[in-house]
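Residue numbers (the UniProt record's numbering), protein chains in the order written: chain E, 1 to 194; chain D, 1 to 155. The beta carbon of each residue, even a glycine, is placed where N, CA and C say it ideally should be. Just below is one structure, and these are the notes that go with it.
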Amino acid sequence: MASSSSYNSPCAACKFLRRKCMPGCIFAPYFPPEEPQKFANVHKIFGASNVSKLLNELLPHQREDAVNSLAYEAEARVKDPVYGCVGAISFLQRQVERLQKELDAANADLIRYACNDHIQPELSAPHGAMHQVHQPMTPRQRPVEYNNTRRMGNEGGGFYQTPNFQYPYHLPWNDNDIHRYGGGGGGGGGGGHI
Amino acid sequence: MMNSTRCAACKYLRRRCSPDCIFSPYFPPNNPQRFLEVHRIYGASNVAKMLEKAPVNQRAEAANSIHYEAHCRIKDPVYGCAGIITLLNQQINDAQCELAKIQAEIAALNGHHADILPPYQQITDASSFANYPVEGDGAFPATHDPSFPQFYLNS
Numbered sequence: 001m002a003s004s005s006s007y008n009s010p011c012a013a014c015k016f017l018r019r020k021c022m023p024g025c026i027f028a029p030y031f032p033p034e035e036p037q038k039f040a041n042v043h044k045i046f047g048a049s050n051v052s053k054l055l056n057e058l059l060p061h062q063r064e065d066a067v068n069s070l071a072y073e074a075e076a077r078v079k080d081p082v083y084g085c086v087g088a089i090s091f092l093q094r095q096v097e098r099l100q101k102e103l104d105a106a107n108a109d110l111i112r113y114a115c116n117d118h119i120q121p122e123l124s125a126p127h128g129a130m131h132q133v134h135q136p137m138t139p140r141q142r143p144v145e146y147n148n149t150r151r152m153g154n155e156g157g158g159f160y161q162t163p164n165f166q167y168p169y170h171l172p173w174n175d176n177d178i179h180r181y182g183g184g185g186g187g188g189g190g191g192g193h194i
Numbered sequence: 001m002m003n004s005t006r007c008a009a010c011k012y013l014r015r016r017c018s019p020d021c022i023f024s025p026y027f028p029p030n031n032p033q034r035f036l037e038v039h040r041i042y043g044a045s046n047v048a049k050m051l052e053k054a055p056v057n058q059r060a061e062a063a064n065s066i067h068y069e070a071h072c073r074i075k076d077p078v079y080g081c082a083g084i085i086t087l088l089n090q091q092i093n094d095a096q097c098e099l100a101k102i103q104a105e106i107a108a109l110n111g112h113h114a115d116i117l118p119p120y121q122q123i124t125d126a127s128s129f130a131n132y133p134v135e136g137d138g139a140f141p142a143t144h145d146p147s148f149p150q151f152y153l154n155s
């Protein structure tokens with residue numbers, strides 16, 4: 001966390017806004033003068049006053065992460081005015097779905113191998129050992145539940161569940177369904193909770 | 001009559017909704033919450049600028065994604081959408097590790113039963129899963145992009 005509110009180096013925000021960088025400047029710790037583009041992007045997308053409001057609503061120890069995530073989203077939106085960083089979410093959601101299918105298939109293969117293994121006796125097992133050749137192996141537990149959330153509306157794909165809410169996002173090339181939005185009103189993308 | 005045809009944005013901003021209002025196709029009056037959320041995070045003029053930057057035939061998608069990001073930010077003021085991306089990346093990494101372990105087990109068993117099942121397809125990297133176009137110039141973070149800030153991991 002860089003502090004730029006020294007007497008002769010205004011922070012990137014105050015430089016951009018052409019104002020005096022006061023000692024308690026809320027931007028100064030997070031927008032060092034060496035990174036002018038960071039504030040430029042954030043200002044372009046969110047606006048200085050909105051960022052200031054957002055930061056003021058957070059505890060001081062949360063602000064650095066908040067600024068970094070805002071900067072990331074702003075940069076993504078500058079690069080992609082249509083989808084911003086939301087395109088990445090959709091992309092990653094699909095990767096998770098594909099991996100889930102791969103894992104399911106791999107688990108099934110493993111069980112098949114294990115069953116076949118039990119059909120053929122263990123020739124190398126120690127004499128008298130209590131091996132569990134007659135007990136089928138249990139499927140491996142998934143480390144993370146990818147798809148333990150209920151499907152919503154007419155969305156056919158899997159979706160991501162954050163600790164607090166679930167909000168699927170589908171891009172037009174992901175599904176055959178055209179989710180009602182824009183002039184149709186309704187809820188969030190794919191029926192998320194608002 | 002004018003009051004009943006104003007879009008949610010112009011209703012909220014208490015102004016006349018002109019025929020060429022940039023908000024009206026995407027912020028219908030029957031969903032005031034949608035505009036409320038984008039206004040809270042971005043402000044009306046920034047939303048208008050973002051919509052203007054998008055091609056006309058993609059403005060609906062732009063409005064949707066802007067609202068999605070605003071909603072995420074309201075629900076999670078610290079990390080917003082970026083936190084979701086980090087967690088998805090983590091899920092993918094975990095799943096790939098799990099898959100690799102299972103494949104190793106299968107390979108070990110395969111050594112005893114080479115004739116029973118064909119070898120499992122190896123997964124080299126996450127990019128092998130992508131087979132659809134990506135918007136922009138690679139603005140999306142790769143799953144193993146070390147430069148992508150890892151939000152959430154230390155919280």
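Alpha-carbon spacing of residue i relative to residue j, whole angstroms
i, j, result
"VAL51(E)", "ALA105(E)", "46 Å"
"HIS71(D)", "ALA66(E)", "15 Å"
"LYS49(D)", "ILE22(D)", "10 Å"
"GLN37(E)", "ASP20(D)", "33 Å"
"LYS101(D)", "PHE91(E)", "25 Å"
"ARG63(E)", "ALA114(E)", "51 Å"
"ASN68(E)", "ASN107(E)", "39 Å"
"PRO133(D)", "GLY87(E)", "Here PRO133(D) scores only 35 on pLDDT, less than 50, and its place in the model should not be relied on; the value that follows carries that caveat. Going by the C-alpha atoms only, they are around 11 Å apart."
"GLN58(D)", "VAL82(E)", "7 Å"
"GLN33(D)", "ARG14(D)", "15 Å"
"ALA60(D)", "ARG19(E)", "37 Å"
"TYR26(D)", "SER49(E)", "25 Å"
"ASP80(E)", "GLY24(E)", "34 Å"
"ASN88(D)", "GLN93(E)", "Looking at the sequence shown, residue 88(D) is not Asn but Leu. Distance between the alpha carbons of LEU88(D) and GLN93(E): 7 Å."
"ALA63(D)", "HIS61(E)", "32 Å"
"GLN122(D)", "THR86(D)", "Its pLDDT being 34, under 50, GLN122(D) is placed unreliably in this model, and the coordinates cannot settle the point."
"LEU51(D)", "GLN103(D)", "47 Å"
"VAL47(D)", "PRO77(D)", "19 Å"
"GLY111(D)", "LYS53(D)", "58 Å"
"CYS10(D)", "VAL56(D)", "20 Å"
"MET22(E)", "SER45(D)", "27 Å"
"GLN90(D)", "LEU70(E)", "20 Å"
"ALA28(E)", "GLU35(E)", "11 Å"
"CYS97(D)", "ARG112(E)", "21 Å"
"LEU59(E)", "ALA95(D)", "34 Å"
"VAL78(E)", "SER24(D)", "23 Å"
"GLY47(E)", "GLY43(D)", "8 Å"
For residue i, the three-state DSSP class (helix, strand or coil)
i, result
"SER18(D)", "coil"
"SER9(E)", "strand"
"PHE27(E)", "coil"
"GLY87(E)", "helix"
"CYS7(D)", "coil"
"SER24(D)", "coil"
"ASP80(E)", "coil"
"CYS21(E)", "coil"
"PRO33(E)", "coil"
"LEU59(E)", "coil"
"ARG150(E)", "Per-residue confidence for ARG150(E) stands at a pLDDT of 34, beneath the threshold of 50, marking its modelled position as unreliable; the derived number appears in the next sentence. Coil at ARG150(E), not helix or strand."
Cutoff 8 Å; reference residue i; Cβ partners in own chain excluding five residues on either side
i, result
"ASN31(D)", "ALA8"
"GLU69(D)", "ILE41, GLY80 and CYS81"
"TYR72(E)", "CYS85"
Beta-carbon gap between residue i and residue j smaller than 7 Å
i, j, result
"GLU102(E)", "LEU109(D)", "no"
"ILE106(D)", "LEU99(E)", "no"
"ILE84(D)", "ILE89(E)", "yes"
"ILE66(D)", "VAL38(D)", "yes"
Cutoff 7 Å; reference residue i; Cβ partners in own chain excluding five residues on either side
i, result
"ARG150(E)", "Legend: pLDDT at ARG150(E) = 34, less than 50; position of this residue unreliable, no value from coordinates given."
"THR5(D)", "CYS17"
"PRO28(D)", "CYS7 and ALA8"
Boundaries of the alpha helix (DSSP H) in which residue i is found, first to last residue
i, result
"SER52(E)", "48-56"
"MET50(D)", "44-53"
"LYS75(D)", "59-75"
"GLU37(D)", "32-41"
"PHE39(E)", "36-45"
"ASP94(D)", "80-110"
Sequence-distant residues of the same chain with beta carbon closer than 6 Å to residue i, five excluded per side
i, result
"ALA74(E)", "ASN41, VAL42 and ILE45"
"PHE39(E)", "ALA12, ALA13, PHE16 and PHE31"
"SER9(E)", "PRO33"
"ILE26(E)", "SER52 and LEU55"
"LYS76(E)", "Lys is not the amino acid found at residue 76(E); the sequence shown has Ala there. GLY84 and CYS85."
"TYR12(D)", "PHE35"
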